[in-house]
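Under the working numbering, the residues of the sequence shown are numbered 1154 to 1485, in order.
For each residue, glycine too, the CB sits at the ideal point set by N, CA and C.
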Amino acid sequence: MAGLLKAPVAEAAAVDPPPRRRTGPVRLVLVRVAASAAVLWGAVTATFLLLRVMPGNTADVLLARSAVTPEVRAQIIADYRLDDPLAAQYLAYLGRIARGEFGESYVLRRPVWDAIGSQLPHTLLLVLTTLLVTLVASVLLAVVSANRRRWVRSSFSAGESLVVALPPFWLGLLLLTVFSFNLRWFPAIGSSSPAGLVLPTVALAAGPVAVMTGVLRDGLLRALEDPFVVTARSRGIGELALRLRHVLRHALLTATTLLGWIAGSLIGGAVIIEIVFSRQGIGRLVLFAVQNKDMPVVIAIVLLTAVVFVLVNIAVDILVRVIDPRTREAGS
């Protein structure tokens, strides 16, 4: 009798295994936060060490334009703890960062976050404009280029490869030469007007648009092979409406993660573009800080860029799990 009772129980367990616990959004965020902490620590550490191995001494930079006595020089070095061992300076600075104390700029003689806050709106405007242009242009180009004719796709792919290979600063200089210096269509450098935002946006968005277009086009071509496309065409839906209303939604799922990576990395790219076009923003601020070994400002900007990158990618991970049930099942 015992054997007869055990058999159905074992058979039922084999048929209906206990449900696996799914990985919820809270656990996903905790895992991402733990990994992000390591990324932020690595970014701050690498910046600290790079500034230390650069030629020159911070004390010499601070006193380069001042005629001071050795006593005053020694007092300044003691105030900024520049004579401490490297390990002691590193641990002390990590402690201040953990408490959110970035102190005062060595050169500007003002709180670090005040210096960054005065320049950050200009950079955010460029980043948000670039992100909007990237999204709109890549969607339009992908829809147009997702053609069954091979030569159309090959032409677009060749153009995308060429654009991706161009360094943003070189493209910015080329745009300045052609459209500002020769044609005089746009302001040359340092303009804060809407017209002065056009060329920096194009230079910063060109690479992301090329990459996003290729990914979206591949997603569109794969989605066009799905059975629902045949059903939609049988109902008389036009080709453009089919791609925009039905196929594009499936292709966007593939490109969402890539768009998050692009959005997180745009601040770093904006730094270079702002220097090329002499725009106000954290790009010129970080260049000035690096040249003067203003370590509090440099590390604060690096940390800000890393935090933005991390937060954007966490948000994208959560968004993908919300809009695509397959990712929730995969993480179960």
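Between the stretch 1357–1368 and the stretch 1413–1430, the count of C-beta pairs closer than 8 Å reaches three or more; the two stretches touch.
By the neighbour-count criterion, in which a residue is buried when 16 or more other Cβ atoms sit within 10 angstroms of its Cβ, residue 1459 is buried. In this structure, the alpha-carbon of residue 1198 lies about 17 Å from that of residue 1463. Boundaries of the alpha helix (DSSP H) around residue 1322: 1321–1328.
Taking the Cβ atoms as the reference, residue 1314 lies roughly 15 Å from residue 1305, outside the contact range of under 8 Å. Look at the beta carbons and you see the stretch 1315–1327 not touching the stretch 1278–1298: under three pairs across the two are nearer than 8 Å. Beta-bridge annotation (DSSP): residue 1313 is not paired with any residue. With a beta-carbon spacing of about 26 Å, residue 1239 and residue 1263 fall beyond the 8 Å limit used to define contacts. Residues 1255, 1256, 1257, 1258, 1259 and 1265 of the same chain have their beta carbon placed closer than 8 Å to that of residue 1449, with the five preceding and five following residues left out of the count.
Sequence-distant partners of residue 1340 (beyond 5 residues in either direction) whose C-beta falls short of 8 Å from its own C-beta, in its chain, are 1333, 1346, 1348 and 1349. Taking residue 1457 as reference, the option from 1386, 1419 and 1338 with the minimal CA-CA separation is 1419. Closest in alpha carbon position to residue 1424, among 1278, 1376, 1336 and 1337, is 1278. Judged by DSSP in its simplified three-state form, residue 1264 adopts strand. Counting only the Cα atoms, residue 1409 lies some 26 Å from residue 1386. Taking C-beta atoms under 8 Å as the contact rule, residue 1291 and residue 1369 qualify, at a distance of about 6 Å. Going by DSSP, residue 1441 is part of the alpha helix (DSSP H) stretching over 1435–1444. In the three-state reduction of the DSSP assignment, residue 1257 falls in the strand class, which pools E and B. Residue 1349: not part of any alpha helix (DSSP H); DSSP gives it neither H nor E. Spatial neighbours of residue 1427 in its own chain (CB-CB distance under 8 Å, excluding positions within 5 residues in sequence) are listed in chain order as 1275, 1276, 1279, 1353, 1433, 1434, 1435, 1436 and 1437. In the three-state reduction of the DSSP assignment, residue 1185 falls in the helix class. Counting along the chain, residue 1241 sits inside the alpha helix (DSSP H) bounded by residues 1239–1251.
In the structure shown, residue 1271 adopts helical secondary structure according to DSSP, grouped into three states. Within the same chain, 1451, 1452 and 1455 come within 7 Å of residue 1200 by CB-CB distance, once the 5 residues on both sides are set aside.
Around the beta-carbon of residue 1355, 16 or more other beta-carbon atoms lie within 10 Å, marking it buried. At the C-beta level, residue 1421 and residue 1321 stay beyond 8 Å of one another. A distance below 7 Å between beta-carbons, with the five flanking residues on each side excluded, links residue 1440 to the following residues of its chain, in chain order: 1428. In the three-state scheme derived from DSSP, where H, G and I count as helix and E and B as strand, residue 1338 is classed as coil. With 16 or more other CB atoms across the displayed protein chains lying within 10 angstroms of its CB, residue 1372 is buried.
Secondary structure of residue 1371 (DSSP, three-state): helix. The shortest C-alpha to C-alpha distance from residue 1283 to any of 1231, 1268 and 1357 is the one to 1357.
The shortest C-alpha to C-alpha distance from residue 1445 to any of 1241, 1223 and 1261 is the one to 1261. For the pair residue 1442 and residue 1403, the CB atoms are not nearer than the 8 Å cut-off.
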